[in-house]
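Everything below concerns the one structure shown next.
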Amino acid sequence: MRLGIKLMLVVAAALVAAAPAHAQRQSLADRVGSLEQQMYNNSANQDLLNQINQLRQQVTSLQASIEQLQHDNAQLKQSAQDQYLDLDSRLNRLEGGSAAPALPAVPASAPKAPAAPAKPAAAATSERPPSVHGDPGSLAVTGDERTSYNVAFDALKAGKYDDSAQLFLSFLELYPNGVYAPNALYWLGESYYATRNFPMAESQFRELLSRYPTHDKAAGGLLKVGLSQYGEGKVDQAQQTLETVVAQYPGSDAARTAQDRLQSIRLGNQIR
């Protein structure tokens, strides 16, 4: 009996002694699992950090690309503006140069008139003589007409545009159907155009086209209608008129100037 009791006590003691070791093993497993979880979390955090760094690099690269594109765009705009200003300046010189031409030659059947100056103004260009048809005897009176025309024309060459406008108006009142009437209408329009009185300029050029549609000045007159419209701010109408010049007078100086002005207008529209 006593032996059985002792045996039970020994087994109990063994169980008591074994319990802490099991508990210790359980605690160690928990700690290992916790460490593994931390390592896993650290790995995920590292991956996230790597992704963030990659995104930062991409953003930096994109910012550099945007800055380069902005720089290139600014250069393109500046280049386009420079081209526009250069083209506009050349056109203005062409238009200004046409405002002070040399005197037209005297018709063969008319009396001799004072010779034109040997060296006209630097901006002057040549003007073709008017076409004269009819009875030579009835044209003898053009001597006085030519004198009046010369007075107005001299004022135009001297850059006295207000004076030339008044003188050409007086000329047209005296000789409304004279040999030089078409030329006077054209240069009257030029006198107004030179002083930026675009509505009056357009009116005179239109009258020239209405009365003398086949005259040598018709192409230039239609060109100046378009340029006057542009000066008035009628951009759409000006483009239509200039396109008509190109189509109606292909290969002419007026058509080339109209084409250049159209290009200038389109380039200006792109810049704005």
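Those letters in the sequence shown? Residues -23 to -1, 1 to 249, per mature numbering (1 follows the signal peptide of the UniProt record, and there is no 0), in order.
Here a beta-carbon is modelled for each residue, glycine too, at the ideal position from N, C-alpha and C.
C-alpha gap between residue i and residue j, whole angstroms
{"i": "Y126", "j": "N154", "result": "13 angstroms"}
{"i": "A195", "j": "L185", "result": "7 angstroms"}
{"i": "G208", "j": "E122", "result": "32 angstroms"}
{"i": "R8", "j": "N18", "result": "15 angstroms"}
{"i": "Q143", "j": "L200", "result": "23 angstroms"}
{"i": "I242", "j": "Y163", "result": "24 angstroms"}
{"i": "L149", "j": "E179", "result": "17 angstroms"}
{"i": "Q181", "j": "L146", "result": "10 angstroms"}
{"i": "S229", "j": "L39", "result": "52 angstroms"}
{"i": "V222", "j": "Q216", "result": "10 angstroms"}
{"i": "A132", "j": "A161", "result": "13 angstroms"}
{"i": "P227", "j": "G166", "result": "23 angstroms"}
{"i": "T218", "j": "Q31", "result": "59 angstroms"}
{"i": "N22", "j": "M16", "result": "10 angstroms"}
{"i": "Y189", "j": "F175", "result": "21 angstroms"}
{"i": "D193", "j": "A232", "result": "14 angstroms"}
{"i": "P159", "j": "S141", "result": "15 angstroms"}
{"i": "G10", "j": "S4", "result": "10 angstroms"}
{"i": "D139", "j": "V212", "result": "27 angstroms"}
{"i": "Y28", "j": "Q247", "result": "What sits at residue 28 in the sequence shown is Gln, not Tyr. Distance between the alpha carbons of Q28 and Q247 is about 43 angstroms."}
Residue range of the alpha helix (DSSP H) that includes residue i
{"i": "S141", "result": "Y138 to L151"}
{"i": "N154", "result": "No alpha helix (DSSP H) contains N154, which DSSP labels as neither H nor E."}
As assigned by DSSP and simplified to three states, the class of residue i
{"i": "R233", "result": "helix"}
{"i": "E209", "result": "coil"}
{"i": "K194", "result": "coil"}
{"i": "Y163", "result": "helix"}
{"i": "R173", "result": "coil"}
{"i": "Y17", "result": "helix"}
{"i": "G228", "result": "coil"}
{"i": "Y126", "result": "helix"}
{"i": "A77", "result": "In this prediction, A77 has a pLDDT of 40, which is less than 50 and means its spatial position is unreliable; nothing more can be read from the coordinates."}
{"i": "A6", "result": "helix"}
{"i": "A135", "result": "coil"}
Do the segment 204 to 215 and the segment 162 to 176 make contact, defined as three or more Cβ pairs closer than 8 angstroms? yes
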